[in-house]
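Worksheet for the structure shown next.
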Amino acid sequence: MTELALCWHFHQPDYRGDDGVYRLPWTYLHAFKDYSDMAAHLEAHPGVRAVVNFVPVLLDQLDDYADQFRTGAVRDPLLAALIDPQPGATLEKRRALVAACFRLNVPTMLNWFAGYRALYTAWKNIEEEGDAALADLPEAYFADLVTWYHLAWSGESVRRALPELAHWLSREDHFTLSERRQLFGWMGAVVAGIIPRFRALMERGQIEISTTPHSHPILPLLLDFGSAREARPGLPLPEQPGYPGGKARAEVHVAAAIATHTAHFGQVPTGCWPAEGGVSEATLAVLQAAGLRWAASGGGVLAHSRVGTALADAPGWFVGKLADDRPGERPMACFFRDDHLSDLIGFEYQHWHAGDAVRHFIHALESYGQRHSRLATVILDGENAWEYYPYNGWYFLDELYTALETHAGLETTTFSAYLDAHTETLGQLPHLVAG
């Protein structure tokens, strides 16, 4: 039996300025398109277990957007334009809209929709004329443009749940202010439902939700600049050996992450995907001291750490002396990403037919246990890959989850569940090279 730990990482940096106004719209757009679809796939396939990693600063922003949708006090200029009676009232607003509303993957998110494609073609035909062309466009152009951009960012699950929205995707006429407000309301309901839906999946035991230090700091560097030279000797470094108060700051970020996670999900997290998968022995010690049970990182870190050793493959590792640092408590474990399997989903399968991609991936898993350990660890961004897939990756993920659910020789798990069942299978890594 080969087990698969599938970890989806959700992260958006804090796009708010000191004034509370959002500089970029990616948090609510990914919620409307990607987080909603990822929840829907898990809800439709209760036999598939997974780990979902929420960065706390993303949770904070989702709360803030839910409040904006609920109150109508919108602090995101692009979202505000959707319900503005005259979104193209000034030349400055027109410039902002044409800059923002074609910022997507055109082949999969724009070209399929005749109404949106017509707006794109019209602008490309006059773009070189600059402000003069913008000034000549009718107000309805900008109302339609901001509507189409948000429709293009609707998840496939949203379209299936809202037939009226799905019908709008075939339209070529103008959208009214009332319709734009209706779309705003649909979006608000989806965004407000993201955290409760994933919490429900966790509470029924299907997923594990892990965390990241609160504002996404790179902990190894926060703790010790010299850690950068463990994998890259000779790398130029600042004269100062470390960030002032770095250890205390690291501890604050970890404590804040645990508090934010617990407030949103009602449970203390047991695992952590550190920012960018950055780990060091000092980083793991901070996480362990905070009560976390496991961390995860990239396969390159494991490769560097095994240089000069004769260690056999293992599904996960206890690192250095950390296993003995807290007598009577469960030791801290580290799991490492299979970069090849993870990158197939992240970058390669978008070019394949969904069925062919799933068969290829399942075959790779079937042979995995013969060549490696019994646990395949797949960790990747759960939001940015899908705009490059047809239908936001809907058919690929649906077929993948169906195959995983029904395969007699494969079983999905979470990192904590694997530790509970198979602690004795983990290896002992004498030294972890930071990375």
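Whatever position you read off the sequence shown (first residue = 1), add 821 for the numbering used here.
For each residue, glycine too, the CB sits at the ideal point set by N, CA and C.
- Collapsing the DSSP output to three states places H988 in a helix.
- V1107 and A1131 do not touch by the CB rule: their CB atoms are close to 30 Å apart, not below 8 Å.
- Within the DSSP bridge table, the entry for T1032 names C1093 as partners.
- Bounds of any alpha helix (DSSP H) do not take in F1139; it lies within the beta strand (DSSP E) bounded by W1138 to V1140.
- Rounded to whole angstroms, the separation of the alpha carbons of A1224 and H866 is 10 Å.
- Short of 8 Å from the beta carbon of A1111, and not among the five residues preceding or following it, lie these beta carbons of its own chain, in chain order: E1072, V1075, A1076 and I1079.
- Comparing alpha-carbon positions, the option among L827, E913 and W847 lying closest to V873 turns out to be L827.
- Distance from the CA atom of R896 to the CA atom of T848, rounded to whole angstroms, is 13 Å.
- Excluding sequence positions up to five before and after Y836, its CB lies within less than 8 Å of the CB of Y843, R844, L845, P846, W847, T848 and Q882, all in the same chain and listed in chain order.
- It is roughly 34 Å from the alpha-carbon of T929 to the alpha-carbon of G1230.
- Judged by DSSP in its simplified three-state form, N932 adopts coil rather than helix or strand.
- When secondary structure is reduced to three states using DSSP, W1173 falls in the coil class, being assigned neither helix nor strand.
- The Cβ-Cβ distance between L1040 and G1099 falls below 9 Å.
- The straight-line gap separating the alpha-carbon atoms of R1195 and L925 is approximately 39 Å.
- Around the beta-carbon of H1184, fewer than 16 other beta-carbon atoms lie within 10 Å, marking it exposed.
- Membership of V1199 in the beta strand (DSSP E) is indicated by the continuous run L1196 to D1202.
- In the DSSP assignment, V979 falls within the alpha helix (DSSP H) that extends over E977 to A982.
- Around the beta carbon of E1060, a 10 Å sphere encloses fewer than 16 other beta carbons of the protein chains shown; the residue is thus reported as exposed.
- Scanning Y962, G1214 and G1120 for the CA closest to the CA of H995 turns up Y962.
- Residue state for R837 is assigned as strand, using DSSP reduced to three classes.
- Counting C-beta pairs with one atom in each stretch, the segment 941 to 958 and the segment 972 to 992 have fewer than three that are closer than 8 Å, which means they do not touch.
- By alpha-carbon distance to A973, the top candidate from E913, G1009 and L850 is L850.
- In this structure, D858 lies away from E1051, with their beta-carbon atoms at least 9 Å apart.
- Where S1101 is concerned, there is no enclosing alpha helix (DSSP H), because DSSP gives it neither an H nor an E.
- By the Cβ-count criterion, N946 is exposed, with fewer than 16 other Cβ atoms from all chains shown falling within 10 Å of its own Cβ.
- In this structure, V967 sits near C922, with a CB-CB distance shorter than 9 Å.
- Within the same chain, R1114 and S1237 come within 6 Å of T1091 by CB-CB distance, once the 5 residues on both sides are set aside.
- Counting the other Cβ atoms within 10 Å of the Cβ of E1187 gives fewer than 16, which makes it exposed.
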